[in-house]
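Structure first, commentary second.
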Amino acid sequence: MPITEVAPAELRLTIDPATLGFADTSELLAQTLPWIGQQRARTAARFGLEMGQRDYNLFVLGEVGSGRSTLLRDLAQTLAASRPVPPDWCYVHNFDTPERPLALRQPAGQGRVLRQRMTQLTKTLQAEIPKLLTGQDFRTESERLEKAYKAEEAPAYAELDAFAEARSFSLFREEGHLVFTLRDAKGKALTETEALALPKERRTQIDQAEQALRAEIARFLDKTRALERVMNEGLAALRRQVVKPLVAHALQKIREELKQQAGDSARLGCYLDEVLHDVLEHVELFQVGDTEEDLRLEALDSVLSRYRINLVVDNHGLSGAPVLVEDNPLFRTLFGSIEHQSDEDVLVTDFSYIRAGSLLQANGGFLLLHLRDLLADELVWEKLRRFLRSGRLQIEEPGTMYSPIAAVTLTPEAVDVDVKIILIASVEEYYAVQEGDPEFSRRFRCKVDFAESFSATDETWRASALFVAHTCRKMGFPHFSAAAVACLLEDSHREVDDQARQSAIFAHTEALVMESASACRTRGGALVELQDVEAALRARKYRHDYPEQREQETIADGERLLVLSGDKVGQLNGLTVIDLGDYRFGFPVGVTARTYAGDEGLLNVEREVKLSGPIHDKGVLILHSYLSALFAHIAPLALNAAVVFEQEYHGVEGDSASCAELYALLSSLSGMAIKQGIAVTGAVNQYGDMMPVGAINEKIEGYFRSCETVGLDGHQGVLIPHRNRRHLMLDRKVVQAVAEGHFHIYTAECAGEGLELLTGCPFGALDAAGAYPADSLLGQAQKTLQDYRRACQQSGPHKPGRINK
Numbered sequence: 017m018p019i020t021e022v023a024p025a026e027l028r029l030t031i032d033p034a035t036l037g038f039a040d041t042s043e044l045l046a047q048t049l050p051w052i053g054q055q056r057a058r059t060a061a062r063f064g065l066e067m068g069q070r071d072y073n074l075f076v077l078g079e080v081g082s083g084r085s086t087l088l089r090d091l092a093q094t095l096a097a098s099r100p101v102p103p104d105w106c107y108v109h110n111f112d113t114p115e116r117p118l119a120l121r122q123p124a125g126q127g128r129v130l131r132q133r134m135t136q137l138t139k140t141l142q143a144e145i146p147k148l149l150t151g152q153d154f155r156t157e158s159e160r161l162e163k164a165y166k167a168e169e170a171p172a173y174a175e176l177d178a179f180a181e182a183r184s185f186s187l188f189r190e191e192g193h194l195v196f197t198l199r200d201a202k203g204k205a206l207t208e209t210e211a212l213a214l215p216k217e218r219r220t221q222i223d224q225a226e227q228a229l230r231a232e233i234a235r236f237l238d239k240t241r242a243l244e245r246v247m248n249e250g251l252a253a254l255r256r257q258v259v260k261p262l263v264a265h266a267l268q269k270i271r272e273e274l275k276q277q278a279g280d281s282a283r284l285g286c287y288l289d290e291v292l293h294d295v296l297e298h299v300e301l302f303q304v305g306d307t308e309e310d311l312r313l314e315a316l317d318s319v320l321s322r323y324r325i326n327l328v329v330d331n332h333g334l335s336g337a338p339v340l341v342e343d344n345p346l347f348r349t350l351f352g353s354i355e356h357q358s359d360e361d362v363l364v365t366d367f368s369y370i371r372a373g374s375l376l377q378a379n380g381g382f383l384l385l386h387l388r389d390l391l392a393d394e395l396v397w398e399k400l401r402r403f404l405r406s407g408r409l410q411i412e413e414p415g416t417m418y419s420p421i422a423a424v425t426l427t428p429e430a431v432d433v434d435v436k437i438i439l440i441a442s443v444e445e446y447y448a449v450q451e452g453d454p455e456f457s458r459r460f461r462c463k464v465d466f467a468e469s470f471s472a473t474d475e476t477w478r479a480s481a482l483f484v485a486h487t488c489r490k491m492g493f494p495h496f497s498a499a500a501v502a503c504l505l506e507d508s509h510r511e512v513d514d515q516a517r518q519s520a521i522f523a524h525t526e527a528l529v530m531e532s533a534s535a536c537r538t539r540g541g542a543l544v545e546l547q548d549v550e551a552a553l554r555a556r557k558y559r560h561d562y563p564e565q566r567e568q569e570t571i572a573d574g575e576r577l578l579v580l581s582g583d584k585v586g587q588l589n590g591l592t593v594i595d596l597g598d599y600r601f602g603f604p605v606g607v608t609a610r611t612y613a614g615d616e617g618l619l620n621v622e623r624e625v626k627l628s629g630p631i632h633d634k635g636v637l638i639l640h641s642y643l644s645a646l647f648a649h650i651a652p653l654a655l656n657a658a659v660v661f662e663q664e665y666h667g668v669e670g671d672s673a674s675c676a677e678l679y680a681l682l683s684s685l686s687g688m689a690i691k692q693g694i695a696v697t698g699a700v701n702q703y704g705d706m707m708p709v710g711a712i713n714e715k716i717e718g719y720f721r722s723c724e725t726v727g728l729d730g731h732q733g734v735l736i737p738h739r740n741r742r743h744l745m746l747d748r749k750v751v752q753a754v755a756e757g758h759f760h761i762y763t764a765e766c767a768g769e770g771l772e773l774l775t776g777c778p779f780g781a782l783d784a785a786g787a788y789p790a791d792s793l794l795g796q797a798q799k800t801l802q803d804y805r806r807a808c809q810q811s812g813p814h815k816p817g818r819i820n821k
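Numbering (the working numbering), first residue to last: 17 to 821.
Now the structure itself:
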């Protein structure tokens with residue numbers, strides 16, 4: 017296929033606003049926004065979200081800004097609306113092992129009711145039990161028990177008193193204790209001094225009498241303690257008997273109120289039975305006493321706190337399954353936590369300090385996470401892997417062991433959690449985790465792959481316009497005219513360098529919508545017009561193109577040597593692109609080659625000084641292979657050659673300059689001069705075909721600006737691979753220059769065709785004799801290589817370039 021010059025109409029896609037079918041985007045608001053260009057992702061996402069079996073969690077991969085998070089959240093919310101509301105989860109006191117709180121599952125909304133009823137129960141107990149324990153019936157029965165005790169205790173005390181009297185001791189009670197004193201013959205109490213003044217025989221008699229009295233007191237106490245124990249047990253049973261109907265009735269009302277629901281009724285019933293038993297065991301704390309009232313109230317508060325309900329997940333008010341987005345997946349926020357409070361240098365806690373995390377809150381629904389956030393904490397990732405394996409969630413506080421002070425720990429009952437995890441990541445992260453974690457694919461069986469571009473049609477254009485309409489409504493912007501939308505669509509094609517495809521990164525479109533609306537408001541417009549979008553694009557470029565401006569200034573100032581006219585041997589202009597992450601631009605670079613007789617072959621200077629990347633090195637090796645194949649009939653080649661990117665100090669990568677390097681080498685070998693006004697970009701394969709390259713628009717525009725800086729002469733232009741034609745989305749200024757004949761864009765399918773354009777000489781083909789025609793470029797190169805061989809043969813065993821003495 018011969019060299020072709022691209023017509024101005026083919027240099028960019030131009031969308032006619034009249035074909036869009038609306039005057040402005042306000043006409044589109046009644047329509048629902050579809051998944052634009054993401055049919056594959058939508059089908060996969062719906063499949064994964066509707067799949068009820070375990071391990072069909074979703075892994076969503078795609079570029080940032082492709083709508084992967086927003087679209088998955090919206091779809092999950094749509095599907096969740098038709099699902100049943102999941103149950104509430106409560107943690108309650110474990111009366112057998114308090115360090116292992118129990119988990120109670122209740123129907124949605126019933127957890128709140130249970131908490132309210134148990135709170136009301138404690139208030140009822142505090143108010144009603146003291147009344148019962150001070151009521152007439154209780155007093156009458158308790159007095160009867162006390163009288164019965166005193167009736168049995170009085171004779172025994174009388175016997176003890178008589179026993180003491182017979183031995184000259186006075187016996188009396190003092191603050192619940194038995195106290196005795198020695199008396200003289202007149203009944204007067206003896207002091208210690210008087211007792212010591214008695215004769216020795218008398219003191220001995222008194223000691224013996226005292227020992228006997230003490231033994232009798234001990235027997236009396238043993239007897240009365242048994243009687244007192246019987247009385248206390250009777251009083252305790254009486255208290256329980258009086259209080260039990262009240263507590264049982266209150267608990268029965270709770271049972272009946274929650275009975276109609278299908279929650280974990282058996283476990284709730286067991287828990288309420290334990291509450292009843294615990295209240296009756298501690299009923300004496302409800303009885304107001306005369307002494308140690310503060311201690312009684314403190315103990316009572318401790319008992320009543322056991323009856324609280326820790327409602328960790330409250331689904332009251334939900335109309336479907338929950339959809340949660342966890343943007344801060346710390347260990348505590350994701351898996352739950354156990355809080356502590358300090359009490360005399362000890363961290364204490366109980367079941368009421370258990371807090372649910374996102375996993376438990378999303379039970380029965382969907383949870384969106386970002387992989388990068390999870391991988392930031394290895395402990396979180398490992399815990400999530402274990403949860404996915406078992407499906408059971410154990411709330412724990414891993415940092416307690418590292419606390420500088422002692423801590424009371426809990427082991428809450430683990431719960432079964434049914435949650436669909438939607439994990440969002442980039443393509444690179446997806447494959448990295450898949451390779452590093454053997455269980456990964458088994459737990460995330462649904463892959464949702466978001467495209468970064470899609471084929472453009474009238475439907476996708478209209479859907480993109482609908483996206484603009486919804487963005488304007490959501491953010492309160494003025495609507496866009498059809499011409500403004502057409503400009504947005506053209507920029508979407510420019511983002512992917514393709515006339516047939518649009519960018520799927522709608523975050524960029526949204527940003528341009530916001531900037532265009534701002535430009536519209538600045539000028540006081542009621543509708544965003546074409547001029548506003550163009551102003552926003554110019555302003556964006558101006559904010560980012562300072563590095564490009566400085567590079568172009570080096571050409572104008574003469575710091576960078578760039579020949580843009582005339583002919584030169586072994587030299588031409590290549591096209592490179594500089595990517596700064598937030599901005600990229602094209603820039604020409606001089607490519608030079610020198611050849612001479614030798615046996616070292618092709619030297620890539622950039623590779624030798626470690627300024628080239630592996631792809632560029634691969635391109636040079638392919639070039640060398642093609643060059644060797646061209647002259648295989650005169651092999652081995654006696655050639656030394658060096659290829660250099662002039663004034664390039666930051667390194668090069670990519671193979672898009674391999675065609676330019678080939679041209680420089682063949683020009684040097686053949687002695688044929690190359691037109692300096694035509695820059696070249698394109699990769700070459702081992703058969704001499706020109707392969708398409710990336711960033712074609714930036715490269716062309718960068719060279720155009722360089723030519724414009726020194727002055728367009730009407731002969732300048734670029735040579736690109738024919739397969740890059742569909743990727744042209746050039747700036748209108750370049751298109752205008754081409755239309756006026758000031759700049760030219762040529763395409764070629766084969767490297768040889770391009771060289772014919774640059775030199776004006778036929779490339780050459782092997783004739784019947786196995787040689788290239790003498791008047792062809794390859795023929796001239798063939799002659800040079802033969803001369804090199806003869807020179808090497810004449811130099812003998814000495815190395816080329818050495819002088820024999």
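We put the CB at the ideal spot given by N, CA and C, even for glycine.
In the DSSP assignment, residue 602 falls within the beta strand (DSSP E) that extends over 600–612. About 6 Å separates the beta carbon of residue 148 from that of residue 154, a gap short enough to meet the 8 Å contact definition.
Inclusion of residue 590 and residue 605 in the CB contact set at 8 Å is warranted, their separation being smaller than that value. A distance of 8 Å or more separates the beta carbons of residue 745 and residue 554. Annotation: the continuous alpha helix (DSSP H) that includes residue 60 extends over 55–66. Setting aside the 5 residues that flank it on each side, residue 239 is surrounded in the same chain by 172, each with a C-beta closer than 6 Å to its C-beta; the list follows chain order.
Beyond the five residues adjoining it in sequence on each side, residue 313 comes within less than 8 Å, by CB distance, of no other residue in the same chain.
Counting along the chain, residue 718 sits inside no beta strand (DSSP E); it lies in the alpha helix (DSSP H) bounded by residues 712–726.
Rounded to whole angstroms, residue 587 and residue 551 show a C-alpha spacing of 40 Å. Exposed is the label assigned to residue 321, since fewer than 16 other Cβ atoms lie within 10 Å of its Cβ. For residue 347, the enclosing alpha helix (DSSP H) starts and ends at 347–351. Note that the stretch 687–695 touches the stretch 770–779; at least 3 beta-carbon pairs, one per stretch, sit closer than 8 Å. Taking each of 220, 486, 151, 718 in turn and checking the Cα distance to residue 254, the smallest one comes out for 151.
Its chain contains 302, 303, 304 as the residues whose beta carbon lies nearer than 8 Å to that of residue 146, once the 5 sequence neighbours on both sides are disregarded; these appear in chain order. Approximately 7 Å separates the beta-carbon atoms of residue 508 and residue 480; this is inside 8 Å, confirming the contact. Nearest in C-alpha terms to residue 735, of all of 743, 763, 456, is 763.
When 397, 317, 428 are compared, the shortest CA-CA separation from residue 366 is found for 428. Between the C-alpha atoms of residue 491 and residue 21 there is a straight-line separation of about 46 Å. With the rule of 3 Cβ pairs closer than 8 Å, the stretch 531–550 does not count as touching the stretch 55–68.
If you look at residue 462, you'll find it in the beta strand (DSSP E) that goes 462–465. Cβ-Cβ distances below 6 Å link residue 613 to 654, 804, 807, 808, 816 in the same chain, with the five nearest sequence neighbours on each side left out; the list follows chain order. One Cα belongs to residue 286, the other to residue 244, and the distance between them is close to 34 Å. Bounds of any alpha helix (DSSP H) do not take in residue 193; it lies within the beta strand (DSSP E) bounded by 193–198. Under the three-state reduction of DSSP, residue 788 is assigned to coil, being neither helix nor strand.
With contacts defined as CB atoms closer than 8 Å, residue 616 and residue 656 qualify as a contacting pair. Taking residue 784 as reference, the option from 728, 649, 740, 671 with the minimal CA-CA separation is 649.
Straight through space, the alpha carbons of residue 174 and residue 181 are spaced by roughly 10 Å. As the crow flies, the alpha-carbon of residue 54 is around 22 Å from that of residue 488. Take residue 381, set aside five residues on each side of it, and the residues of its chain with a beta-carbon closer than 6 Å to its own are 96, 337, 338, 339, in chain order. Cβ contact annotation for residue 609 (same chain, cutoff 6 Å, sequence separation greater than five): 586, 659, 680, 681, 684, in chain order. DSSP lists 764 as the beta-bridge partner residues of residue 737.
Judged by pairs of C-beta atoms under 8 Å, the stretch 324–331 touches the stretch 127–136, as three or more such pairs exist. Nearest C-alpha to residue 457 among 72, 36, 349: 72.
Excluding residues up to 5 positions away in sequence, 263, 264, 267 lie with their Cβ nearer than 7 Å to the Cβ of residue 292 in the same chain. If only complete runs of 4 or more residues are kept, the stretch 522–577 shows the alpha helix (DSSP H) at 522–539, 546–560, 562–572, in order along the chain. Where residue 41 is concerned, there is no enclosing alpha helix (DSSP H), because DSSP gives it neither an H nor an E.
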